[in-house]
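Below is one structure, written out as structure tokens, with a few remarks after it.
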Amino acid sequence: MTLPWNEMFAMFDGEDIKKGTRLMLKHWASIGYTGAVDLMDATGVRFMRPELFHEMEKGGTLPLRINYCYTIFNLSDVDDAAKYGGNDTDMVRFLGCKIFVDGAFAGGQAWTSWQNLQGNHGIQEIYTNDTGGPEKNLTRIVEKVEEYGMNMHYHVQGDLAIEAVLDALDKVVAEKGKLTGVHTLIHMGFPNDEQIERIKKFDSHVATTVQPAFWSVEDDTAYYYGKHNAQAYPIKKLIDSGIPVGISTDFSVSPPEYSPATMVISVAVTGGGDPKMHLPLSVREVVHGFTIGSTATTSRNDTGVLYPGYNADIVVYDQDLYSVPLDKFSKDNPKVLATYIGGRQVNQAANLKSN
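Quick note: the sequence shown, position 121, residue 120 per numbering that gives the first Met the number 0, numbers continuous.
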């Protein structure tokens, strides 16, 4: 899909895209967010117009911090990704590469060591050796990404996908002595205890992202995974292990109504409505994942906390999040009153504007 879509996307008017993008980003600022991380579009499709974000920043109309990735599918793509480096600004920064190691969990495509109920092991997109050719060798890809000093996000939804990334990282460390970039395992599903311990050994160079909303959005995937379904997203275990865990929405895979930060909290603190199957998180753990945890996936060192010397990225609610009864969180409660980026207000609730 990539080749034809790259040609088609170039035909769209930049100003139209900018207007639509600004409206969408304003919406995200209004539902509890100060930044976007990854922004990689969709499988097989690459939307690359970072210059539009830079233009909005210069014009003072960019309402979110943007941390964007370049989706790669093989070794040669790494050179193309590197061309986006060196143009970072305060609001718009290039993270590095994004690669799909396996397919979508919700479609029964998680690459697993055990056979799913549809009689297969999911979809394998990449290799850790030259079995699929040098271009599909993840170890070679990681080496090249590290040579450029870039970061990498890995779409991993099955234990074999996680294993492939960790094996590749181990090989690079064995050869180079260490990792320099941040390598993030996103939407990580079905991690086992051994893999969690392996992740810890990489310290801050390997981070993870999880989506509590998936507990509700993907509650019908037992069709593919049967009894394994309960082990898909052990978010509480990951957090308790001490590894960096960012909280994400995975929009637009998750429905819009599950995107507000307060709705993510609602699902997380109730275990998706099934606390026996999913260990609930505390409000503080979710907020930590949205802030410090998510910042850990970007290699930024100026956001995520409100300390002297950091950017004042703030979301103001009409209630203290830590005092709200857990059963009162929803997509509309508490309400966002205002959003600030670097101390500059970028969003204000409509009812405040009229008062």
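Ideal Cβ placement from N, Cα and C applies to all residues, glycine included. Owing to the predicted nature of the structure, the values given are computational and were not obtained by experimental measurement.
Rounded to whole angstroms, the gap between the alpha carbons of residue 46 and residue 20 is 12 Å. The C-alpha of residue 133 is placed about 29 Å away from the C-alpha of residue 196. Runs of the alpha helix (DSSP H) lying entirely within the stretch 58-136 and spanning at least 4 residues, in chain order: 76-81. Sequence-distant Cβ neighbours of residue 161 in its own chain, meaning closer than 6 Å and more than five residues away, are 155, 190, 194. With fewer than 16 other beta carbons inside 10 angstroms of its own, residue 300 counts as exposed. In terms of Cβ geometry, residue 152 and residue 37 form a close pair [threshold 8 Å]. For residue 37, there is no enclosing alpha helix (DSSP H); the residue is part of the beta strand (DSSP E) that begins and ends at 34-37. The continuous alpha helix (DSSP H) containing residue 285 extends over residues 282-287. Counting only runs of at least 3 residues, the stretch 272-343 fully encloses the following beta strand (DSSP E) elements, listed from N- to C-terminal order: 313-316, 335-340.
Under DSSP, residue 244 shares a beta bridge with 207. Per DSSP, reduced to three states, the secondary structure at residue 191 is coil, with no helix or strand assignment.
For residue 182, the enclosing beta strand (DSSP E) stretches over residues 182-185. Between residue 125 and residue 163, the C-beta spacing is below 8 Å. In the three-state DSSP reduction, residue 252 falls in the coil class, being neither helix nor strand.
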